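Note that the sequence shown ends on residue 288 in the numbering used here; no numbers are left out. In this text, a Cβ means the ideal position worked out from N, Cα and C, and glycines have one as well. None of these values were measured; they are calculated from a predicted model.
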Amino acid sequence: MAVSAGIRVDVITIFPDLFGPFLDAAMVGIAAEKGAIEVAVHDLRAWTRDRHRTVDDAPYGGGPGMVMKPEPLVEAVEAVAGAKQPERRARVVLLSPQGRRLDQRALEDLAQTEHLVLVCGRYEGVDQRAIELAVDEEVSIGDYVLSGGEVPAMVLIEGIARLLPGVLGNPASAETDSFREGLLEGPQYTRPAIFRDREVPEVLRSGDHAAVDRWRAEQARKRTQQRRPDLDSGARGGQER
Ligand code: ADE
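Structure (structure tokens):
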């Protein structure tokens with residue numbers, strides 16, 4: 048599938064320092080070097096106006112924790128993405144456990160975006176008016192609760208970066224990624240051929256590429272059946288890739 052090159056990502060967070068080493072490392076660093084992705088990280092506190100640079104406040108109605116205030120958040124999004132109405136090009140995503148759950152298909156869809164703005168929620172939540180006024184969609188990386196959207200934003204960035212054309216060492220590997228076909232990959236081996244009495248399966252050393260393909264497809268099918276029956280397409284079992 049063709050994915051548009053040159054995606055721009057803006058991250059809005061109260062922990063900008065968390066992103067530095069991540070953005071320089073490995074896949075994302077390579078994608079940035081190649082000009083496939085450009086990431087800018089913004090400190091939400093830059094849009095506060097009080098001496099204490101306050102970004103949160105107690106919830107109306109009481110209860111534990113703090114809620115992110117609407118003013119700095121909406122102003123930050125508008126500064127990097129423009130106003131939501133009437134029309135804006137950027138796609139503004141709030142990372143939150145209430146969002147639509149991320150999967151490979153959603154990543155592929157996000158990777159088509161020209162300009163993505165990732166808003167990292169913190170505390171107990173975000174004032175609902177800020178979400179309505181500034182956010183296009185909410186995304187969750189899974190049914191568990193983290194302290195904030197920073198790690199989820201990194202998950203999105205890494206998942207997108209590896210889909211961009213020319214980013215992976217092997218240009219085909221994003222295309223044949225097992226998750227794209229609803230399958231988990233089977234086991235992988237590298238040298239040495241024998242490690243602590245455990246041998247690499249003979250077929251992988253046979254040089255018979257068709258046999259290797261069949262073996263891998265079968266292993267992937269078995270693993271999917273055992274671990275993720277919800278992903279198993281059944282009829283496809285044993286299909287060569
Ligand atoms: N913030 C806290 N938990 C989260 C999750 N599971 N996904 C996205 N953002 C979050």
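Terminal residues of the beta strand (DSSP E) in which residue i lies
| i | result |
| --- | --- |
| residue 89 | 84-90 |
| residue 259 | Taken as a continuous stretch (DSSP letters only), residue 259 belongs to no beta strand (DSSP E), being part of the alpha helix (DSSP H) at 256-274. |
| residue 146 | 138-148 |
Whole-number beta carbon distance between residue j and residue i, since they are thought to touch under 8 angstroms
| i | j | result |
| --- | --- | --- |
| residue 165 | residue 140 | 6 angstroms |
| residue 56 | residue 204 | 6 angstroms |
| residue 210 | residue 154 | 6 angstroms |
| residue 170 | residue 103 | 5 angstroms |
Beta-carbon proximity of residue i to residue j, cut-off 8 angstroms
| i | j | result |
| --- | --- | --- |
| residue 187 | residue 163 | no |
| residue 83 | residue 202 | no |
| residue 135 | residue 161 | no |
| residue 146 | residue 185 | yes |
| residue 142 | residue 168 | yes |
| residue 144 | residue 182 | no |
| residue 207 | residue 278 | no |
| residue 231 | residue 261 | no |
| residue 86 | residue 60 | no |
Heavy atom of ligand 3 within 7 angstroms of residue i beta-carbon
| i | result |
| --- | --- |
| residue 192 | This structure lacks ligand 3; its bound ligands are ligand 1. |
Please list the segments of the alpha helix (DSSP H) lying wholly inside the segment 150-205, counting only runs of 4 or more residues, in order along the chain.
You should have 151-157 and 175-181.
Would you check if there are 3 or more beta carbon pairs closer than 8 angstroms linking the segment 104-113 to the segment 229-248?
no
Please determine if the segment 116-136 and the segment 83-94 are in contact, where contact requires at least 3 C-beta pairs separated by less than 8 angstroms.
yes
Taking only runs that begin and end inside the segment 52-136, name each unbroken beta strand (DSSP E) of 3 or more residues, in chain order.
Counting only runs of 3 or more, we get 54-60 and 84-90.
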